[in-house]
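Enquirer: What follows is a single structure, and I will ask about it in a moment.
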Amino acid sequence: MRLQTLLAMLALLPFATNASQTANVSSVESSAQELGSSPESKLDSTPKSLPPVYTTATRTPVQSEQILAAKDALLHSGDIAKSLLYVPGFSMVRKGGLGAEVLFRSQGASRVPILLDGGNLQGACGGRMDTSATYIFPENYDHILLIKGPQDVRWGSLISGGAVFMRDITMLDHNTLQADTSMLAGSFDRLDLHANVLAGGKYGSLRAIASHYESGDYRTGSASFSGGSATHSAYKRESASLIATLTPTKYTGIELDMDIGRGFSSYQDRQMDARTFDRLSFSLKAQQQFQSEIVRRLDLRASWHEVDHIMDNFSHRQASGDYQLNNPKRTNANARAELTLYPSQALTLYLGASYAYDDHQMRTSGKQPSASAANAFLSQAYKPNFHFNYASIFMQGSYAQLDSASSVYFGARYDYASAHKASSAESNSNHLGSGFARYQYERGGFSYFIGLGLAQRSPDFWERSKTGGMGLEKESNLQLDAATAYKRENLSLQASLYGAYMWDYIALHYASNTTSAFNTDALLAGAELEAKYGAFGLVYISGSLAYTYGQNLTTRSGLLAGSPLPQVAPLQAQVSLWLEHRGFLVRADMFANAAQSRYAKDYGNVIGKDFGASLGFATLSIYGGYKRKNFSLLCGVENLTNALYSYHLSKAGVMVGELAPTSRIYEPGRSYYLKLALGF
C-alpha cells in the first residue's frame, strides 16, 4: 500500500472515532513553554508509560541535559536542525532541501550523535548527503533527550553532546482507542501531514503512525520587491511506523517497532541529487520494573536499520555531460542492556553494556553516456566498502540525600572500536575511555553545577574514507562545564560556561584535488545565556545568547598553530515575545547571527569547510492562533522581512540548470504557513 494512501486513511480515522478517555499522565518534566521553544502544547489524552529510562534520581533547575516533548519542540518542521535553533548553542548547515546538519557548540556529526532509542542509524553517502536526521520524523517519537557536553556515558562516548530520540513503552489502564492528526500547508508548495492512532487495553496496544513531508524549490530572500532566487531544494519524505506493545503486568513492557521511510531531495550544494532515501528499521525493547529495594529496572534494547540510498545527476536536473549514479547501502545493528540499582535511598546506579556493528557497501556507475546505461548498474552486486564494530560497558550514578541541597553525578565508560577498509584491506582499532564527575547544588531559587568530563572518539566513516583516514588517532576531549540558574516567581535566568582541550582533534583539509584528514590539537570555549520573564500570566519574553571560541593549537597539514579553528559559528542571539490568553496566542521570534571574521580557509570537518568571513543578519518570524485541549490552529510568517541571508556554517552552491553557483547556500525567504492539529 502506498504511504500516501495509508496516511489519508489514518488522517480520516479520528473523525469516525469515539475514543475512550485515558490517563492524562506525562513523563515530560520540563515543558516546551518553559524551555522557550514552540508554543504548542502536546495534545491531551496522553496515555501513561513505564517510567522512562532517561530519568535520574534528582533533577534540579540547572542541568547538563534537557528533555523536550517532540511535538512541542519541533512544531513547525520536519527539519530537525532548524527546529533545534530554539535551544541556545545549536546551529545548522543547510545543503538544500533535506538533511540539514545539526551542530551544538559548533560541533556536529559523530561529535554530537543523533540516536534512536539509544541506537545508531547512520546515513550512507560519503559526502553526507543524507544524515541521521534525514531519516527521522520527529513526531514519530515521544521525547528528545539533549545532552550538553561529555556529562553522560549511558548513551555513548559523547565528545560534545548528543540528541536521543525516545519512544516510551505505552501502558493503558483500560480499553482505549484514540488518534491525533495534523496538517500544515505553506509557501513553496509545502505540505506536512501526520496521523497517529493508538488502540489497546490493559495487556497491550497497537500504534500506527504515518507522516508525509513535501516541498517545492524554495526562493531566497531579497532586497528587491520581485523576490529572491530559486534554490534547487524540492523534496518529499514519507514514513510509516507500526508499534506493538505487550504489557502483561503493570511492571513489564515489551515493544516491537517497524519503521519504513521513503523519500527524495534536490540539493543546491553538489553535483548530484538524492533519487531515493529508503529506510527499513526493526527494534525490540523490554523493560522490567522490580519491587526490590535495590534492583529497580532492567532495560533491554535491540535494533536493526538499513538505509538504501540512490543518488544521480539526471533524475532531478539536466545532466551536464556524462550520466552518473551512486548507490551506497548502510546497515546498523545495535544491542543494549542496562540495569538500574538503588543501593541506598540516596544512591542510584546504572550498569550497562552495548554492542553495534556498522556495514557500508557501495555500487557506482562511473561516467556513462545515458541514463539507462547508468541505471543498469543497479542490477549489479554491492561491493564491500567499510565495516565497523563497537563494544561498550558503562556505569553511571548519582548521589543525593533527601535532606541535602547537594548532589553528585558520576560515570565511566569503556569502548572498543574497530574499522576495516575493504579496498585496501587496512584495519584499525581503538580502546576508548570516557568519564565524568559533576557536583550540583540547589537552595531557594538558586542552583548551580560544575562538572569535568573526558570523552574519546574513534574516527568515523566519513573521516576514515578521506586521504590519510585509516592512519588517524582517536580524538580526545577534556572539558570543564559550569552553569548557574536563578528562578523566582515569573523570572528565570541561566548561564552556562564551558572550556575544552581537545587533543588529536580530527580536521579536514579541502585541497583542490583531494580531501585529507589529519589530527591536531584544539581549544574550544564558550557560553550560553538564557532569560525568561512573564507578567500577569499574559505576556512573556525570553532571550538567549550563545558563543563559541575555537583555536588550533598545533601546526599540522598547513593549518598553523594559533590560527582560528575552522567551522566555528559566530555569536548567536534569539529573542521571543508572546501573549497567551484563554487559548489565544500570538508570538514573535527574532534570530540573529553576528558577523564571523575568524576562519581557516579550505579547512573544516566532515560537514563542510571555511570559505572566508561571513556577514551578520537578523530575521523575524510571527505566528499566532488558538489552541484548546485537543484542537489547535496556527498560522504564521517566517522571515517576515524577506532578508537575504546565509549562515557562516554553510555549503557552497553549484551550477544547477540555469541556477548560477553561489558562495553560500542562502536560507528561504518570506514564507507563510497554516497548521491544524486535532486529537480524539
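Residue numbering for the sequence shown follows the numbering used here, beginning at 1 and increasing consecutively.
All residues carry an ideal CB built from backbone N, CA and C; glycine is no exception.
Keep in mind that this is a model prediction, so the values were computed, not measured.
1) Going by the CB atoms, is the gap between residue 485 and residue 447 shorter than 7 Å?
2) Once the 5 residues before and after residue 497 are set aside, which same chain residues still bring their CB inside 6 Å of it?
3) Going by DSSP, name the residue or residues bridged to residue 308.
4) Nearest CA to the CA of residue 364: which residue from 549, 374, 356, 370?
5) Straight-line CA distance for residue 658 to residue 413?
6) To the nearest whole angstrom, what separates the beta carbons of residue 112 and residue 103, a pair I think is in contact under 8 Å?
7) Considering only DSSP beta bridges, list what residue 384 is partnered with.
8) Look up residue 194 in the DSSP assignment and give the residues it is bridged to.
9) Is it the case that the region 616–628 contacts the region 510–530, given that we only count it when at least three CB pairs across the two stretches are under 8 Å?
10) Taking contact to mean 3 or more Cβ pairs, one atom from each stretch, closer than 8 Å, check whether the region 124–144 and the region 638–653 are in contact.
11) DSSP three-state call for residue 696: helix, strand or coil?
12) According to DSSP, is residue 672 helix, strand or coil?
13) Taking the C-alpha atoms as reference points, what is the distance between residue 221 and residue 671?
14) If we count the other Cβ atoms within 10 Å of its Cβ and call it buried at 16 or more, is residue 661 buried or exposed?
15) For residue 608, count neighbouring C-beta atoms within 10 Å of its own C-beta (all shown protein chains included) and say buried if the count is 16 or more, exposed if not.
16) Taking DSSP as the reference, what is the three-state secondary structure of residue 615?
17) When the distance is taken between beta carbons, is residue 276 closer than 7 Å to residue 254?
18) Nearest-angstrom Cα distance between residue 587 and residue 532?
19) When you compare only the Cα positions, how much space is there between residue 651 and residue 631?
20) Do you know whose CA, among 119, 115, 128, lies nearest residue 466's CA?
21) Assign residue 476 to buried or exposed, taking buried as 16 or more other Cβ atoms, counted over all protein chains shown, within 10 Å of its Cβ.
22) By alpha-carbon positions, which one of 602, 456, 138, 524 ends up nearest to residue 212?
23) Buried or exposed for residue 512, going by 16 or more other Cβ atoms inside 10 Å?
24) Determine the direct distance from the alpha carbon of residue 390 to that of residue 247, and round the result to whole angstroms.
25) Please state if the CB of residue 387 and the CB of residue 415 are separated by a distance shorter than 7 Å.
26) Can you give me the start and stop residues for the alpha helix (DSSP H) that residue 446 sits inside?
27) At 3 residues or longer, and completely inside the region 98–169: list those beta strand (DSSP E) runs for me, N to C.
28) Taking the straight line between their C-alpha atoms, what separation do you get for residue 425 and residue 329?
29) The alpha helix (DSSP H) spanning residue 80 covers which residue range?
30) Within 10 angstroms of its Cβ, does residue 665 collect 16 or more other Cβ (buried), or is it exposed?
31) Is residue 464 helix, strand or coil when you go by DSSP?
32) Just the C-alpha distance for residue 25 and residue 346, rounded to the nearest angstrom, thanks.
33) Assuming residue 160 and residue 105 are in contact, meaning their beta carbons sit under 8 Å apart, how far apart are those beta carbons, in whole angstroms?
34) Do the CB positions of residue 436 and residue 151 come within less than 7 Å of each other?
35) Could you work out which residue in 188, 93, 108, 134 is closest to residue 703 when comparing CA atoms only?
36) Per DSSP, what are the beta-bridge partners of residue 426 in this structure?
Expert: This is what the structure gives:
1) yes
2) Setting aside the 5 residues that flank it on each side, residue 497 is surrounded in the same chain by 482, 527, each with a C-beta closer than 6 Å to its C-beta; the list follows chain order.
3) DSSP output for residue 308 lists 278, 329 as bridge partner(s).
4) Of the listed residues, the one whose Cα sits closest to residue 364 is 374.
5) One C-alpha to the other measures close to 53 Å.
6) 7 Å
7) 361.
8) 182, 211
9) Segment contact: the region 510–530 against the region 616–628, fewer than three CB-CB distances shorter than 8 Å; contact not assigned.
10) At 8 Å Cβ cutoff, the stretches do not touch.
11) Residue 696 lies beyond the stretch modelled for the chain, which goes from 1 to 680, so this question has no answer here.
12) strand
13) 10 Å
14) The residue in question, residue 661, is exposed, as its Cβ has fewer than 16 Cβ neighbours within 10 Å.
15) buried
16) Here residue 615 sits in coil by DSSP.
17) no
18) 14 Å
19) Roughly 39 Å separates the two Cα atoms.
20) 128
21) Burial check for residue 476: the Cβ neighbour count within 10 Å reaches 16 or more, so the residue is buried.
22) Measuring from the Cα of residue 212, the nearest candidate turns out to be 138.
23) Counting of Cβ neighbours within 10 angstroms places residue 512 among the exposed residues, the total staying below 16.
24) 32 Å
25) Judged by beta-carbon spacing, residue 387 lies beyond the 7 Å limit of residue 415, meaning their Cβ atoms are not closer than that value.
26) In the DSSP assignment, residue 446 falls outside any alpha helix (DSSP H) and lies within the beta strand (DSSP E) extending over 446–457.
27) 101–104, 114–116, 143–148, 161–166
28) 19 Å
29) 80–83
30) buried
31) helix
32) Its pLDDT being 22, under 50, residue 25 is placed unreliably by the model, and the measurement read from it follows with that caveat. Taking the straight line from one Cα to the other gives about 26 Å.
33) 6 Å
34) yes
35) The question about residue 703 has no answer here: the residues shown for the chain are numbered 1 through 680.
36) 421
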